[in-house]
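Okay, structure first, notes after.
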Amino acid sequence: MGAAALLLMAGCGGGSGVETNGSGAGSANNGGAASSGSTGSGADTGEDVGHGASAATGATGSGGGLVIEVPVGGESGDGTGNGGDGTPELCDGIDNDSNGIIDDVDAGGDGVCDCLNIATIGGIGPWSNGGNVFATWLNARSPLGAVPLGDEELTAERLKAYQVIVVLHAATTGVENGSKESPALHEFSDAEASAFDAWVRGGGGVMTTIGYSNDEAPEVVNVNRLLAKLGMGYSTTKLGLDGDVSSWEPHPVTEGISNIFTQNGAEPDGPSGMTIAHGSDDRVALQVTQADDGRVAVWGDEWITYDSEWADTEGQQVELFWLNLLKWLSPPTECQVPIPPRVVK
218 MGAAALLLMA
228 GCGGGSGVET
238 NGSGAGSANN
248 GGAASSGSTG
258 SGADTGEDVG
268 HGASAATGAT
278 GSGGGLVIEV
288 PVGGESGDGT
298 GNGGDGTPEL
308 CDGIDNDSNG
318 IIDDVDAGGD
328 GVCDCLNIAT
338 IGGIGPWSNG
348 GNVFATWLNA
358 RSPLGAVPLG
368 DEELTAERLK
378 AYQVIVVLHA
388 ATTGVENGSK
398 ESPALHEFSD
408 AEASAFDAWV
418 RGGGGVMTTI
428 GYSNDEAPEV
438 VNVNRLLAKL
448 GMGYSTTKLG
458 LDGDVSSWEP
468 HPVTEGISNI
478 FTQNGAEPDG
488 PSGMTIAHGS
498 DDRVALQVTQ
508 ADDGRVAVWG
518 DEWITYDSEW
528 ADTEGQQVEL
538 FWLNLLKWLS
548 PPTECQVPIP
558 PRVVK
């Protein structure tokens, strides 16, 4: 695996995990979208699968952990996406069904791999009415959720548990909005930047966000410390990224995306970055790169982290954007599950 899996609810490597009896034909192309399989369809919350058949949770697997059994049948691309020899797939770091993909389990058919180990660095911003894409949206779709690292020291030992990390507010100054606050983080050291660089190059996937404060110039400094060795970063002068991002280059991350809103962000400006999205006045909104076995996405804003703000927004594809990102950032032969057709609008 690109990174060892953390034993949370359904741990990898211990024989316990999430089990599925569904079948399909999931595959991955350079980390891009997997092909749709014949699977069960799930509700938005990821609680029910199949047609009128609820997933049975809490059963005991061979290792004594959480098991989720998924009925066979349902609509294409709306369940586990497993193919191969029909052996139930588990969150155990093994390609149980021999379909070429490790741990491709999605019991709810919501497009989020149930075995994916995600962490966040920093904290959510104070500018929403309480929405947090990792505390609400993701937790409804994954038994693992996301582990908040907050202001912890970044070491090789701490990072190795995760396959995907999302950097939130990581500035060395806090941000306040009335009674809400995003606290300051410590200044990342050279040792932390080196550990982070090695984690990415070893197969980790990172997504960074920016624009949590009114003055982005000092905000970009700390996150740029993490990104510099990867040839990525944010501009310290091209600030105030605002408005709709409506120009998208073909890429697995941009598939099905036509418009996403930004407000008071900063332009990605990495020498190794490939620009795949522009906002108004041709301003850079998204850059990506591959660093050895890992992948990096640098997004020029933070508004997409407030799921309460975009959940009912028409004319934008924020949920699909997150699903595309998580899929592309994941190792190409791990946790590749189909994105359900209901999300593609």
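Heads up: take any position in the sequence shown, counting from 1, add 217, and you land on my numbering.
Just so it is clear, CB atoms sit at the ideal spot from N, CA and C, and this is done for glycine as well.
{"Query": "Spatially closest choice to V423 from N476, N346, W516, S452, by CA coordinates", "Result": "W516"}
{"Query": "Per-residue DSSP class, three states only, for A387", "Result": "coil"}
{"Query": "Opposing strand residues paired with F478 [DSSP bridges]", "Result": "D461"}
{"Query": "Where T372 falls, given that 16 or more other Cβ within 10 Å makes a residue buried", "Result": "exposed"}
{"Query": "N-terminal and C-terminal residue of the alpha helix (DSSP H) that K544 is part of", "Result": "535-546"}
{"Query": "Extent of the continuous alpha helix (DSSP H) to which A527 belongs", "Result": "Going by the sequence as given, residue 527 is Trp instead of Ala. Unbroken alpha helix (DSSP H) run through W527: 524-527."}
{"Query": "Reference G419, options D368, A434, A378, closest by Cα", "Result": "A378"}
{"Query": "Where the beta strand (DSSP E) through L503 begins and ends", "Result": "501-508"}
{"Query": "Whole-angstrom distance between D302 and A410, CA atom to CA atom", "Result": "42 Å"}
{"Query": "Other residues of its chain near L542: CB distance less than 7 Å, five sequence neighbours each side excluded", "Result": "M424, V470, A514"}
{"Query": "Where the alpha helix (DSSP H) through E409 begins and ends", "Result": "407-418"}
{"Query": "Contact belief for A388 with A401 at Cβ below 8 Å, rounded distance in angstroms", "Result": "7 Å"}
{"Query": "Between the CA atoms of I556 and G496 - distance to the nearest angstrom", "Result": "25 Å"}
{"Query": "Selection from E536, P549, V350 that minimises the alpha carbon distance to R559", "Result": "E536"}
{"Query": "Candidates G532, Y451, W545: closest to S463 by CA position", "Result": "G532"}
{"Query": "Nearest-angstrom beta carbon gap, T522 and T426 [assumed within contact, 8 Å]", "Result": "6 Å"}
{"Query": "Other residues of its chain near T337: CB distance less than 6 Å, five sequence neighbours each side excluded", "Result": "F351, A363, P365, V383, L385"}
{"Query": "Beta-bridge pairing of K397 - partner residues as DSSP gives them", "Result": "N394"}
{"Query": "Span separating the alpha-carbon of G347 from that of S525", "Result": "7 Å"}
{"Query": "T453 in three-state terms, based on DSSP", "Result": "strand"}
{"Query": "C-beta atoms of E201 and G428 nearer than 7 Å", "Result": "Within the shown structure, residues of the chain are numbered from 218 to 562, placing residue 201 beyond reach of any answer."}
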